[in-house]
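These notes are about the structure you will find just below.
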Amino acid sequence: MKLPKLMPMDVAAKIFVIAASALGVSSAMLAVPSLVAGDFGQGLLLLGVAVFSGWMSTAIYQFQQRLVGIDEVVRQGKRRVEQSEAVLEEMRRLAKSLRASSSADDSEEDRTVH
Numbered sequence: 060m061k062l063p064k065l066m067p068m069d070v071a072a073k074i075f076v077i078a079a080s081a082l083g084v085s086s087a088m089l090a091v092p093s094l095v096a097g098d099f100g101q102g103l104l105l106l107g108v109a110v111f112s113g114w115m116s117t118a119i120y121q122f123q124q125r126l127v128g129i130d131e132v133v134r135q136g137k138r139r140v141e142q143s144e145a146v147l148e149e150m151r152r153l154a155k156s157l158r159a160s161s162s163a164d165d166s167e168e169d170r171t172v173h
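The working numbering numbers the first residue of the sequence shown as 60 and each following residue consecutively.
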């Protein structure tokens, strides 16, 4: 069963990267006032969220780049298979025509020998 495509993969990845980056930046900006005010628990928590969001943003971006690379390899493989199939079909046609001409030559030789 094939699932319906809601949006292209690259658009979804960009949305996640932007969301993770925005979360990271906003968490870092909120962590500074908390740390300055002496609320180290919340400040460190917000810094942890900022670091984790930055890491997720980077991971999503790298994963998306790998998927693009895999897609390109698959496209190249499909093109090579199509080219190979075309060459194979041409070879089959050539072999068939050679057999037909060889059969015609053999039947002519049989007629001249008898």
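The beta-carbon is built from N, C-alpha and C at its ideal position, and this holds for glycine as well.
Open item on the list: Need the endpoints of the alpha helix (DSSP H) that Ala81 sits in, please.
Closed with: Following the DSSP letters along the chain, one finds Ala81 inside the alpha helix (DSSP H) bounded by residues Met68 to Val95.
TODO: With DSSP as the reference, label Lys64 as helix, strand or coil.
DONE: Here Lys64 carries a coil assignment [DSSP, helix/strand/coil].
Task: Alpha-carbon spacing of Ser80 relative to Ile119, whole angstroms - done: About 11 Å.
Open item on the list: Tell me which residues share the same chain as Leu82 and place their Cβ nearer than 6 Å to its Cβ, disregarding the 5 neighbours each side in the sequence.
Closed with: The answer, listed in chain order, is Ser112.
TODO: Go ahead and label Ala159 buried or exposed: buried means 16 or more other beta carbons lie within 10 angstroms of its beta carbon, across all protein chains shown.
DONE: Counting Cβ neighbours within 10 Å, Ala159 comes out exposed, since fewer than 16 surround it.
Open item on the list: Restricting to Cα atoms, I'd like to know which of Ala78, Leu104, Val76 and Ile77 is closest to Leu89.
Closed with: Comparing Cα-Cα distances from Leu89 to each of Ala78, Leu104, Val76 and Ile77, the minimum goes to Leu104.
Task: Simplified DSSP assignment, three categories, for Asp98 - done: In the three-state DSSP reduction, Asp98 falls in the coil class, being neither helix nor strand.
Task: Cut-off 6 Å between Cβ atoms - residues of its own chain near Phe75, not counting five sequence neighbours on either side - done: Result list for Phe75: Ile119, in chain order.
Open item on the list: So Gln123 and Ala154 are supposed to be a Cβ contact under 8 Å. How far apart are they, rounded?
Closed with: Not a contact, Cβ separation roughly 46 Å.
TODO: For Ser116, count neighbouring C-beta atoms within 10 Å of its own C-beta (all shown protein chains included) and say buried if the count is 16 or more, exposed if not.
DONE: When all chains shown are included, Ser116 counts as buried.
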